[in-house]
Structures are given as structure tokens and as C-alpha cells.
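Taking full-length UniProt numbering, the leading residue of the sequence shown gets 1, the next gets one more, and so forth. C-beta: ideal position from N, C-alpha, C; glycine also. Quick caveat: nothing in here was measured; it's all calculated off a predicted structure. Note sheet for the following structure.
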Amino acid sequence: MAPIPSKAYTRVDTSNSEFTWTINNFSSLNKTSHEYLTSPMFKVDNSEKKFFLQFFPNGYQADTTTTAMFLCQVGSESFNCRCKITLMVDYEPVLIVRSPRYSFSASNKKLAFTQFFRVEDTSEMTNDQDIMLITCELKIFTTKNESIYLHAINENTSRFKCDDLFLNEKLSDVKLQTICGKEIMAHKAILASASPIFFKMFTNDMLENKNNVVNVTDFRYEVLIEMIRYIYLGNINVKELTVTCELLGAADKYDIQGLKTMCNQILFHNLRVENAVSIFKLANKYNCNTLKDEVKKFISFHSADIMKSNNVKKLLNPVELDVIQLVLNI
């Protein structure tokens, strides 16, 4: 008998980090030529690798026409990484820069983006409240010394593609009907694989399983379509923060943890003085403990501005308002 063919693969693990740096009152900062701003330090996952950002808003070295951004390693470890830096204005990215694969070491401790954007375009990089929001996404590659040996896979083996079935009536066997009357055709097996709630619904003697219709009365069509998009495609297409807030509720109801995490990240990235209390209440309502802890820190830091806002009294009942004031000691 011929030997069973196999292939050896070296496993490369990745560690990811996403860090958001908010610079308030950007235009009023005293920034002379070659002066730089330094972000707080941040870590990657649970590792001990620490980083910070250096931003030169009025040019770097001889070039005073373009800004510069540096990702700086605190230690002196050797590893490979890729970095993406995004500038956000009113929830939309206005600038995205990506690095090629870069090798950090004791002698290479800074990853440079020396032509970040033109100094004359600075006003376009802040919002109406004069806030500059910088997001740094970092992926670190770690090569393991072990190898994994797998039996060779027949290249003619077909792969099940959920994206081909998204909003496709072919082979659909269930209909999701919203309160506005719009319908979404779907597939029980795909919904059940993503949600324990749908799994229970479609594997028991329930009305939805018998009639092949799920009536969704507590979420808008725009919200439901994004939940289905996530189940089939693994991503969402949301432009309004209100939709993300409702989508978090849908993810919680149908126990779709990946979507819940994605909504938490979007809400955190769009955290502002004017919406901090609303996001805190959402995080508390849906047991998003990590998001809730981060919003607490934000509220504590901006406590004076938040508590002066008339909007807070509309969002909180007297008991909640007293609790927040007690926690913040104001």
C-alpha cells in the first residue's frame, strides 16, 4: 500500500492589540517645530510587550510639511509585526496607514510613518469638538518551533460558503419577519450554528420550527439584517451608532458572542462625553463587563464635563445619578 501523503506546517501564532488615543483640544496644544506628543503605554494581549505612540504634528527632522507617527517599543525584544493606524472623525476613518511586516529588536525600537499626513491638512483630522482620535491596531507574529503534520487534503474538496447563501432564497427553509412587514429568507442550519437560541428553536417542537417563520417584533429590519449579515459573512455594515446599540441587544438576546464583542468594540471606539452615560447603561444592561469597566474609567476622567451636561439628568433616574456622583466622589 502506498504511504499516506502528508504535509508539514510550521505554526505561526499571532497576538493582537487595538489601542485608541484621544487627544482633546488639539488645536490649543503648544506644538512647536519638532515637538512631539506621547501616548499612554499599552500592551498586546496578555504579553509583557509594551508600546507607546509618538506623534510629531509639525514635522519631523528637516521636513516641516508633513506630520510623523512612530510606534515605539518599551523593551528590547525581537519579533515581527504589522501595524495599522487610523484617524477617525465623526465615526468615519479619514486616514488609514499600514506598515509592511516590520522587525523590532534592541537596535530597531521604532516603527516610523514619516509622512503621516500634511501639516496643512491638520484641521481635517479633528472633529468639531477639536478632538483627534487615533487608533493603532497591532499584530505580532510568533513562530513556534513545533510543526503540525496533517494528512494531505484533496484539493477538489468543496468548501461550504455561507456568503453565497446570504439573502439568497435558494435552499432557504425559514423566514424572519419584522414588525414592519419586511422578510428575510434564511437557513435554519446556519442560524442554529451561530446562535444557541436558534438551535433550541429549530430542534424542538416549537411554533417557529413548525411554521418555518420567526416573528421578530423587538428589533428593526435594519438591525436584524446586520445580525444575519454577521452570521453569514462574519462582518457588519453599520454607519449609525444607534443601530450598533440595538444590534448589541439583538446579539445578547440570540447569544451571538462574536457579534456582541464586535458591537462592544465599536461602542468603545466611539465613546464621547455626550454618549458615555448611554453606553454605560447599555454595557450594564447586557452584562458587557469589559466595556463597562472602560466606560467607568472614561466617565471618571471626564467627570466634570459629563456631570455638567443637562443630557445626563435626562438619561439617569435620581438613584442612578446619585450612585454615579458617589462613585466619582463629586
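Let's see if you can read the secondary structure: which residues bound the alpha helix (DSSP H) around Ser193?
Taken as a continuous stretch (DSSP letters only), the alpha helix (DSSP H) holding Ser193 covers Lys188 to Ala194.
In angstroms with no decimal places, state the Cα-to-Cα distance between Ala283 and Glu246.
Between the alpha carbons of Ala283 and Glu246 lies a distance of about 12 Å.
With DSSP as the reference, label Tyr230 as helix, strand or coil.
Annotated three-state conformation of Tyr230 is helix, per DSSP.
Exposed or buried, which one is Asn16 when buried takes at least 16 other CB atoms within 10 Å?
Classification of Asn16: exposed, given that the 10 Å Cβ count is below 16.
Got a sec, what are the start and stop residues for the beta strand (DSSP E) residue 341 sits in?
One cannot answer for residue 341 here, as it falls past the ends of the chain, which runs 1 to 330.
Which residues in the same chain as Asp130 place their Cβ atom closer than 7 Å to its Cβ, once the five residues preceding and following it in sequence are excluded?
So the qualifying residues of the chain are Asn25, Phe26 and Ser27.
Please name the residue in Phe117, Gln73 and Cys81 whose C-alpha comes closest to that of Val94.
When C-alpha distances from Val94 are compared across Phe117, Gln73 and Cys81, the shortest belongs to Phe117.
Reduced DSSP secondary structure (H/G/I, E/B, other) of Tyr254:
If DSSP states are grouped into helix, strand and coil, Tyr254 belongs with coil.
Neighbourhood of Arg220 by C-beta, 6 Å cutoff - its chain only, sequence neighbours within 5 removed
A distance below 6 Å between beta-carbons, with the five flanking residues on each side excluded, links Arg220 to no residue of its chain.
Sequence-distant residues of its chain with Cβ nearer than 6 Å to Val74 (five each side left out)
Short of 6 Å from the beta carbon of Val74, and not among the five residues preceding or following it, lie these beta carbons of its own chain, in chain order: Lys50.
Have a look at Leu176 and Leu71 and give me their C-alpha separation to the nearest angstrom.
Taking the straight line from one Cα to the other gives about 47 Å.
C-alpha gap between Leu224 and Phe55, whole angstroms
One C-alpha to the other measures close to 41 Å.
Between Val216 and Val174, is the Cβ-Cβ spacing less than 8 Å?
Annotated as distal: Val216 and Val174, with beta-carbon spacing of 8 Å or more.
Under a three-way DSSP split, which group does Tyr286 fall into?
For Tyr286, the secondary structure class from DSSP, reduced to helix, strand or coil, is coil.
So the beta strand (DSSP E) Val94 belongs to, where does it begin and stop?
Start and end: Glu92 to Arg98.
Considering Cys72, what are the terminal residues of the beta strand (DSSP E) in which it resides?
Per DSSP, Cys72 belongs to the beta strand (DSSP E) from Ala68 to Gln73.
For Asn154, which three-state DSSP category applies?
Residue placement at Asn154 is flagged as unreliable, the pLDDT there being 38, under the threshold of 50; the coordinate-derived value follows with that caveat. Asn154: coil per DSSP, three-state reduction.
Can the beta-carbon of Lys194 be found closer than 8 Å to that of Ile256?
Here residue 194 is Ala; the residue named in the question, Lys, does not match the sequence. Cβ atoms of Ala194 and Ile256: closer than 8 Å.
Going by DSSP in three states, Ile148 sits in which element: helix, strand or coil?
For Ile148, the pLDDT reaches just 31, beneath the cut-off of 50, and the residue's location in the model is therefore unreliable, leaving the point undetermined.
Exposed or buried, what is His187 when buried is set at 16 or more other beta-carbons lying within 10 Å of its beta-carbon?
The residue in question, His187, is buried, as its Cβ has 16 or more Cβ neighbours within 10 Å.
Element boundaries [beta strand (DSSP E), containing Leu111]
In the DSSP assignment, Leu111 falls within the beta strand (DSSP E) that extends over Lys110 to Phe113.
Mark Thr14 as exposed unless 16 or more other C-beta atoms lie within 10 angstroms of its C-beta, in which case mark it buried.
Exposed.
Taking the beta strand (DSSP E) that Gln61 belongs to, which residues open and close that run?
Looking at the DSSP string, Gln61 is not in any beta strand (DSSP E), and its letter there is neither H nor E.
Would a C-beta distance cut-off of 8 Å place Glu18 and Thr126 closer than the cut-off?
When the beta-carbon positions are compared, Glu18 and Thr126 stay at least 8 Å from each other.
Quick one: give me the first and last residue of the beta strand (DSSP E) that Thr178 is part of.
Counting along the chain, Thr178 sits inside the beta strand (DSSP E) bounded by residues Val174 to Thr178.
Answer yes if the region 230-248 comes into contact with the region 258-266, meaning at least three C-beta pairs across the two stretches below 8 Å, and no otherwise.
Look at the beta carbons and you see the region 258-266 touching the region 230-248: at least three pairs across the two are nearer than 8 Å.
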